[in-house]
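One structure is given here, and the rest of the page talks about it.
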Amino acid sequence: MKYSIFSLARAALSGHRNWPRTWRDAEPKPRYDVVIIGGGGHGLATAYHLAADYGITNVAVLEKGWIGSGNAGRNTTIIRSNYLLPGNIGFYELSMKLWERMEQDLNYNTMVSQRGVLNLYHSDAQRDAYARRGNAMRINGIDAELLDAAAVRKMVPFLNFDNARFPIQGGLLQRRGGTARHDAVVWGYAHAADRRGVDIIQNCEVTSFTRDAGGRVTGVETTRGTIGAGKVGMAVAGSSSRVAAMADLRLPIESHVLQAFVSEGLKPLIPGVMTFGAGHFYVSQSDKGGLVFGGDIDGYNSYAQRGNMPVMEDVCEGGMALMPLIGRLRLLRQWGGIMDMSMDGSPIIDRTPVDGLFINAGWCYGGFKATPASGLVFAHLLARNEPHAEATRFRLDRFQRGAMIDEKGQGAQPNLH
Amino acid sequence: MRIACPFCGPRENSEFSYLGDAKPKRPGPDAGEDAVYEYVYLRDNVAGEMAELWYHGGGCRAWLQVRRNTVTHEILSVEPAAGAGAASVTP
Chain S
1 MKYSIFSLAR AALSGHRNWP RTWRDAEPKP RYDVVIIGGG GHGLATAYHL AADYGITNVA
61 VLEKGWIGSG NAGRNTTIIR SNYLLPGNIG FYELSMKLWE RMEQDLNYNT MVSQRGVLNL
121 YHSDAQRDAY ARRGNAMRIN GIDAELLDAA AVRKMVPFLN FDNARFPIQG GLLQRRGGTA
181 RHDAVVWGYA HAADRRGVDI IQNCEVTSFT RDAGGRVTGV ETTRGTIGAG KVGMAVAGSS
241 SRVAAMADLR LPIESHVLQA FVSEGLKPLI PGVMTFGAGH FYVSQSDKGG LVFGGDIDGY
301 NSYAQRGNMP VMEDVCEGGM ALMPLIGRLR LLRQWGGIMD MSMDGSPIID RTPVDGLFIN
361 AGWCYGGFKA TPASGLVFAH LLARNEPHAE ATRFRLDRFQ RGAMIDEKGQ GAQPNLH
Chain F
1001 MRIACPFCGP RENSEFSYLG DAKPKRPGPD AGEDAVYEYV YLRDNVAGEM AELWYHGGGC
1061 RAWLQVRRNT VTHEILSVEP AAGAGAASVT P
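Top line first, the protein sequences correspond to chains S and F.
Counting from 1, one number per residue, gives the positions in the first sequence under my numbering.
Counting from 1001, one number per residue, gives the positions in the second sequence under my numbering.
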């Protein structure tokens, strides 16, 4: 159904008891033109764009649990396009533009809130680095403002500006950045894809690929039977290596755990998203009032979806250094998600050496903000067999060619990206 | 997650630095580009038991080979692995 003021009024007359399902609970058909593995934001966005922009509606999204139960439901909901390097910068700005029109495109309230992303700097060298980043953004038509300490103080006067080791000297502000409601993004894409004929199949885990004599992937074996496919796209960040291994592929990826935290609710305090530049701590405030924050990955390979205490301590120390007023705040919840940490910190969206199998992986911990553009460019690749103009550098073989997109300059050590 | 260092006893994991999977071995100088590419970039990314290298920088500064389950974080064994972190070429 289409959501509108009229559907709301109609539903109100029956006490909101008769809302239809947002998407159908589809039974698997024997064959689809395209099968997407992974019912997270990226997989559902891919299916939506295949149907909406490329006219391919015979599409299934297979999800081993329920949609949005992986990283789409475990992130800190930040959207931004403050990247530096060619390859990333245009792609993330494409994503930002899609965020800005998402609610109209999907006919769903995803609570996109452009409340600003402020990266604080604490030294002259860091100011220069942020000036460079801001200039790179502006050259590419993206908004960026370099603020001095006085301007930051006006926005967020409660920060610890005179910290002896890490005084706040200013910040790089992207006003168009902000947050979105992560679950609603999943449900919105499911809603919009379903309306265009896409089958969303939950509790359906892929157990192997079926291949013909020439090695081409012809479908998947699942816990709900064999499903044939013209093409298969995998969007299973966190588990990419495990799924790729079913097609005898080894990837330039390690799986690591990233933790996130929510405090008890507060009155409105933090106007947008803020990051501490001298450690690793980022924070925003949800509409319910809780502070949503996180920091570094734990740093060791993990598929456990939970982390360890030292990182919690480190993240909270970063928070205390930035804003000591949270010292008596209690943590309400904490969880972990499994990140595809690629060898250069940038994603992979490409064909694979296996015919008929396409990969969307390696999102490190930047996957949420990329959701709409990832769906669009992956749909383009699946439909046209060639990369979208904004995703030509996310190739699987870039490591072999020496064409890395290493935003942090850390080299092939995934736990440092 | 605590790692039982064979020299120092059980210590919390923040005392240790992680290098990663112990399996990749640096190829010899004549091994060719593909071998170097595999060594530097490709990983098994094991879900389950994995042998990996940790460095006890906050303690005895020994390299250790730890067998750990990446799905449960259970540590199965810890053994000294002297020199494991040095960039030595496989003979």
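Every residue gets a Cβ at the ideal spot worked out from N, C-alpha and C, and that includes glycine.
Note that the structure is predicted; figures quoted are calculated from it, not measured.
Rounded C-alpha distance that separates residue i from residue j
i, j, result
"Val61 of chain S", "Ala193 of chain S", "10 Å"
"Ala52 of chain S", "Val273 of chain S", "32 Å"
"Pro1006 of chain F", "Arg1068 of chain F", "15 Å"
"Gly171 of chain S", "Pro310 of chain S", "28 Å"
"Gly68 of chain S", "Gly40 of chain S", "5 Å"
"Glu145 of chain S", "Ala383 of chain S", "38 Å"
"Ser346 of chain S", "Glu27 of chain S", "35 Å"
"Ala151 of chain S", "Gly319 of chain S", "21 Å"
"Val35 of chain S", "Gly65 of chain S", "16 Å"
"Val283 of chain S", "Arg31 of chain S", "45 Å"
"His1056 of chain F", "Lys97 of chain S", "46 Å"
"Ile79 of chain S", "Thr275 of chain S", "13 Å"
"Lys408 of chain S", "Asp344 of chain S", "8 Å"
"Ile56 of chain S", "Ala412 of chain S", "37 Å"
"Tyr3 of chain S", "Arg17 of chain S", "15 Å"
"Asn82 of chain S", "Arg132 of chain S", "11 Å"
"Pro86 of chain S", "Asp143 of chain S", "16 Å"
"Arg138 of chain S", "Gly38 of chain S", "35 Å"
DSSP bridge partner residues for residue i (one or two, in chain order)
i, result
"Phe368 of chain S", "In the DSSP output, where bridge partners are listed per residue, Phe368 of chain S has none listed."
"Asp61 of chain S", "Reading the sequence as shown, one finds Val at residue 61 of chain S and not Asp. Note: Val61 of chain S sits in a beta bridge opposite S:Ile36 and S:Ile200."
"Ala144 of chain S", "In DSSP, Ala144 of chain S forms no bridge with anything."
"Met274 of chain S", "S:Leu118 and S:Val283"
"Thr77 of chain S", "DSSP, once it has assigned bridges, lists no residue as partnering Thr77 of chain S."
"Ala229 of chain S", "S:Tyr32"
"Ile297 of chain S", "S:Leu258"
"Leu172 of chain S", "S:Asn119 and S:Leu146"
Span of the alpha helix (DSSP H), counted from its first residue to its last, around residue i
i, result
"Ser445 of chain S", "One cannot answer for residue 445 of chain S here, as it falls past the ends of chain S, which runs 1 to 417."
"Tyr48 of chain S", "Gly41 to Asp53"
"Cys316 of chain S", "Met309 to Leu322"
"Glu1038 of chain F", "Glu1033 to Tyr1041"
"Arg242 of chain S", "Ser240 to Ala245"
"Trp19 of chain S", "Where Trp19 of chain S is concerned, there is no enclosing alpha helix (DSSP H), given that its DSSP letter is neither H nor E."
"Met1 of chain S", "Segment: none, Met1 of chain S is in no alpha helix (DSSP H) and carries neither H nor E."
"Asn135 of chain S", "Asp124 to Ile139"
"Met404 of chain S", "From DSSP, Met404 of chain S is part of no alpha helix (DSSP H); its letter is neither H nor E."
"Gly188 of chain S", "His182 to Arg195"
"Met155 of chain S", "Ala149 to Met155"
Contacting residues, own chain, Cβ-Cβ under 6 Å from residue i (five flanking each side not counted)
i, result
"Val262 of chain S", "Gly290, Val292, Leu332 and Arg333"
"Arg24 of chain S", "Asp194"
Where the beta strand (DSSP E) containing residue i begins and where it ends
i, result
"His256 of chain S", "Ile253 to Gly265"
"Glu1012 of chain F", "Gly1009 to Glu1012"
"Val206 of chain S", "Val206 to Arg211"
"Gln104 of chain S", "No beta strand (DSSP E) holds Gln104 of chain S; the alpha helix (DSSP H) holding it covers Met102 to Leu106."
"Asp350 of chain S", "Ile348 to Arg351"
"Glu1049 of chain F", "Glu1049 to Tyr1055"
Beta-carbon contacts of residue i that lie in its chain and below 8 Å, excluding the five residues immediately before and after
i, result
"Ser1014 of chain F", "Gly1058"
"Cys204 of chain S", "Pro28, Leu62, Glu63, Lys64, Thr222, Thr223 and Arg224"
"Val315 of chain S", "Gln259, Phe261, His280, Phe281, Phe293, Gly294, Gly295 and Asp296"
Contact set for residue i: own chain, Cβ-Cβ below 7 Å, skip 5 residues either direction
i, result
"Asn418 of chain S", "Only positions 1 to 417 of chain S appear in this structure, which leaves residue 418 of chain S out of reach."
"Arg1043 of chain F", "Asp1021"
"Ala379 of chain S", "Thr46, His49, Leu50, Asp53 and Tyr54"
"Thr207 of chain S", "Glu221, Thr222 and Thr223"
"Gly277 of chain S", "Asn119, Leu120, Tyr121, His122 and Gln126"
"Thr1070 of chain F", "Val1046, Ala1047, Gly1048 and Met1050"
Practice task
Anything in the segment 1031-1058 of chain F with a Cβ closer than 9 Å to a Cβ of chain S? List those residues in chain order, please.
Solution key: Residues Glu1033, Asp1034, Tyr1037, Glu1038, Val1040, Tyr1041, Leu1042, Arg1043, Asp1044, Asn1045, Val1046, Ala1047, Gly1048, Met1050, Glu1052 and Trp1054.
Problem - the segment 286-309 of chain S: positions lying closer than 7 Å to chain F by Cβ - result: Residues passing the 7 Å Cβ filter: Gly299, Tyr300, Asn301, Ser302, Tyr303, Ala304 and Asn308.
Handout entry: Residues of the segment 388-403 of chain S with Cβ closer than 8 Å to any Cβ of chain F, in chain order
Key = Listed by position along the chain: Phe399 and Gln400.
Exercise for the section: Note down, in chain order, all residues in the segment 251-281 of chain S with a beta-carbon under 8 Å from any beta-carbon belonging to chain F. Expected result: Under the 8 Å Cβ criterion, the segment 251-281 of chain S contributes Leu251, Pro252, Ile253, Glu254 and Ser255.
Exercise for the section: Using a Cβ-Cβ cut-off of less than 7 Å, give me the residues of the segment 328-361 of chain S that come near chain F, in sequence order. Expected result: Per Cβ criterion, the list reads Met343.
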